[in-house]
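Visitor: Line order of the protein sequences matches chains G and R. If you count the first sequence from 1, position 17 lands on 123 in our numbering, and the numbers rise without skipping. If you count the second sequence from 1, position 55 lands on 621 in our numbering, and the numbers rise without skipping. Think of the CB as a built atom: it goes at the ideal place given N, C-alpha and C, for glycine as much as any other residue. On a predicted model such as this, the values are computed, not experimentally measured, just so you know. Here it is: the structure, laid out below.
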Amino acid sequence: MWEARSRWLLAASLSVSAFVAAQMAMFVLKVVFRIRLPFVLFDYCVAWFRYIGFPISLPLMSAVFVSTLAVCARQLVREAVFTRRFAGMLRRTADARLSRRYARRFGLDLRRLTIIRADAPVAMTVGFLRPRIVLSTGLLRMLEPAELAAVVAHERHHLRRRDPLALFALSLSRTALWYVPLLGWAEEKYKTAIEVLADRHAIASSNGGAKELGSALLKLLRQGGAAKVPAASASFADASVNVRIRLLLDPHYSPSWRPPVAATLLSFAVLVLLAALG
Amino acid sequence: MKLQNFKFHGNGLERFFGPLEARIMTALWDAEGELTIKEVQQALNKDKEMSFNTVMTVMNRLVDKGILSKKAVSKSHRYRPVLSREEFLEAQSKELTFELVQEFGSRAVVHMVDALEQVDPDLLDQLERQIKQLKKER
């Protein structure tokens with residue numbers, strides 16, 4: 107169920123982005139190069155939007171398109187800067203001896219696992235094309251061997267699926283196409299889905315079942331200073347981490363997957379509008 | 567001690583210090599002891615002439631930042647680094663790692679746990695009870 111949903115979410119979000127990109131390309135062809143494309147339907151749409159008084163104007167639409175390109179460029183630059191800084195950080199703090207030892211223990215390629223010297227407990231998977239698992243010495247100190255194995259199994263699932271790349275694609279779509287609010291919802295749900303899938307993989311591959319992963323998760327959350335007082339609102343009930351804990355407590359728990367109505371309607375309206383301009 | 571304006575480029579100390587600051591710190595660490603401003607100035611003059619006032623200003627700024635300590639001995643002040651070179655670099659890379667990992671979030675990172683502030687404490691307590699129970703059973 108989670109597997110199918112995650113694939114579906116990713117496919118839907120990326121098709122929306124591809125659709126908008128195609129519309130933008132057609133718009134550019136039409137406006138800049140004066141090439142008419144044979145989509146009479148879209149002209150009807152434009153006529154209809156004008157009829158209901160929706161302010162369609164060339165400057166407005168151009169502003170939307172320029173903002174999309176600007177956000178894309180900004181995100182890509184930001185990511186490139188981060189990648190560079192992160193690589194520098196890894197070079198300075200990596201412990202080659204520990205990395206080799208743990209890579210051997212978990213049967214990972216040395217390029218896929220780096221142990222960094224840091225007191226904070228760190229467990230993450232980072233990188234687009236050649237993702238790697240990064241763990242800190244603080245984490246190694248904090249967890250029992252079986253808990254560590256569960257965490258590595260969780261991260262290994264992210265690594266194999268190249269989740270960082272998919273997340274980046276979704277995040278780029280959400281920020282660049284800020285006028286399609288449903289993409290934000292899709293990104294959130296996708297994040298939850300990949301974590302749940304990675305947790306399941308970790309549980310399935312460990313002897314202790316959910317115990318080791320749950321215990322590791324508990325330590326990480328307590329150590330990281332998770333909130334001690336109940337949140338004022340229930341708005342985080344669907345937050346990825348809470349869904350994961352619920353699933354550890356009750357494997358049959360099923361969270362709501364209903365997208366918000368307003369965001370959905372607005373998103374479809376925007377897409378029709380973009381289709382009209384293609 | 568946390569340095570602002572960390573520079574990610576460059577090598578060694580210049581990542582943490584301005585060029586003159588880096589040379590002063592090197593001179594103090596190489597001397598392995600306390601030095602007066604005059605002695606630091608003489609050490610720097612081997613490469614390039616430096617005015618006493620410039621050296622004094624920069625060294626006092628390093629004192630303000632908590633990187634050097636200053637002690638009055640007879641008529642002059644003697645300066646020494648608070649941390650050894652190794653301790654300093656280690657402390658800095660810890661700060662840096664923590665910052666990069668915790669705050670400078672990338673989109674292309676999947677953390678084992680994030681958004682700690684969203685955790686429901688009741689759920690966390692339930693999880694704790696269940697884990698304790700499971701551990702007892704084995």
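(1) At which residues does the beta strand (DSSP E) containing Tyr645(R) begin and terminate?
(2) If you drop the 5 nearest sequence neighbours on each side, which residues of the same chain put their C-beta closer than 8 Å to that of Ala252(G)?
(3) Looking at C-alpha atoms only, which residue of Ser617(R), Ile603(R), Asn611(R) is the closest neighbour of Leu634(R)?
(4) Kindly indicate which three-state DSSP category Ala295(G) falls into: helix, strand or coil?
(5) Could you work out which residue in Arg190(G), Ser168(G), His358(G), Ser119(G) is closest to Met130(G) when comparing CA atoms only?
(6) List the whole-angstrom C-beta distance separating Met678(R) from Val349(G), where the pair is believed to meet the contact cut-off of C-beta under 8 Å.
(7) Tell me which residue opens and which closes the alpha helix (DSSP H) that His260(G) is part of.
(8) Take Leu216(G) as the anchor and find which of Ile239(G), Met195(G), Ala226(G), Pro227(G) has the nearest alpha-carbon.
(9) Going straight from the alpha carbon of Phe171(G) to that of Leu271(G), what length do you get?
(10) Sorry if obvious, but does the Cβ on Arg651(R) come closer than 6 Å to a heavy atom of the ligand GDP?
(11) Once DSSP output is grouped into helix, strand and coil, what is the label at Arg238(G)?
(12) Using C-beta distances below 7 Å, list every residue in its chain close to Ser642(R), excluding the 5 sequence neighbours before and after it, in chain order.
(13) Could you please give me the residues that DSSP links to Val675(R) through a beta bridge?
(14) Less than 7 Å separating the beta-carbons of Pro227(G) and Met248(G)?
(15) Provide the residue(s) that pair with Lys631(R) in DSSP beta bridges, ordered along the chain.
(16) Which residues mark the beginning and the end of the beta strand (DSSP E) in which Leu690(R) is found?
(17) Between His260(G) and Ile300(G), how many whole angstroms is the CB-CB distance? I'm expecting something under 8 Å.
(18) Let me know if His307(G) comes out buried or exposed under the rule of 16 or more other beta-carbons within 10 Å of its beta-carbon.
(19) Counting only the same chain and skipping the five closest in sequence on each side, list residues whose C-beta sits under 7 Å from that of Ser373(G).
(20) I'd like the span of the alpha helix (DSSP H) that includes Leu246(G), first residue to last.
(21) Confirm, please, whether the CB-CB distance from Val624(R) to Leu586(R) is below 7 Å.
(22) Would Leu276(G) pass as a contact of Ser173(G) if the rule is Cβ separation under 7 Å?
(23) Assuming contact is defined by CB atoms lying nearer than 7 Å, are Leu246(G) and Ala229(G) in contact in what I supplied?
(24) If I measure Cβ to Cβ from Pro336(G) and keep anything under 7 Å in the same chain, skipping five residues before and after, which residues do I get?
(25) Determine which residues of the region 680-701 of chain R have a Cβ less than 8 Å from any Cβ of chain G, and write them out in chain order.
(26) Using a 10 Å radius around the Cβ and a threshold of 16 neighbouring Cβ atoms, would you call Lys614(R) buried or exposed?
(27) Could you check which residue in Trp363(G), Phe133(G), Val378(G), Ser279(G) has the C-alpha nearest to that of Met107(G)?
(28) Check the Cβ of Ser321(G) against every Cβ in chain R and list those closer than 7 Å, keeping chain order.
(29) Look at the Cβ atom of Ser346(G), then the Cβ atom of Thr298(G), and state whether they are nearer than 7 Å.
(30) Measuring straight from C-alpha to C-alpha, what distance separates Leu628(R) and Thr281(G)?
(31) Between Ile697(R) and Gly320(G), what straight-line distance do the alpha-carbon atoms span, to the nearest angstrom?
(32) For Leu122(G) and Asp680(R), I'd like the C-alpha separation in whole angstroms.
(33) From Arg218(G) to Leu116(G), what does the alpha carbon distance come to, in whole angstroms?
(34) Taking Cβ positions only, does Asp269(G) come closer than 7 Å to chain R?
Guide: The short version:
(1) 642-647
(2) Ser312, Asn313, Gly314, Glu318
(3) Ile603(R)
(4) Going by the sequence as given, residue 295(G) is Lys instead of Ala. Correct three-state label for Lys295(G): helix.
(5) Ser168(G)
(6) Wrong, their Cβ atoms sit about 15 Å apart, outside the cutoff.
(7) 251-267
(8) Ile239(G)
(9) 24 Å
(10) By its list of ligands, the structure shown contains no ligand whatsoever, and the ligand GDP lies outside what it can speak to.
(11) strand
(12) Thr602
(13) Val232(G)
(14) yes
(15) Lys631(R) pairs with nothing; no bridge assigned.
(16) Unbroken run through Leu690(R) is the alpha helix (DSSP H), 687-703; no beta strand (DSSP E).
(17) At roughly 10 Å, the Cβ-Cβ gap does not stay under 8 Å, so His260(G) and Ile300(G) are not in contact.
(18) buried
(19) Val286, Pro287, Leu288
(20) 243-248
(21) yes
(22) no
(23) no
(24) Any reading at Pro336(G) needs caution, since the residue's pLDDT is 44, under 50, leaving its predicted position unreliable; the model's value is listed next. Contacts found: none.
(25) Asp680, Ala681, Leu682, Glu683, Gln684, Val685, Asp686, Pro687, Asp688, Leu689, Leu690, Gln692, Leu693, Glu694, Gln696, Ile697, Leu700, Lys701
(26) exposed
(27) Trp363(G)
(28) Ile697
(29) yes
(30) 42 Å
(31) 7 Å
(32) Here residue 122(G) is Val; the residue named in the question, Leu, does not match the sequence. Spanning the two alpha carbons is a distance of roughly 28 Å.
(33) 25 Å
(34) yes
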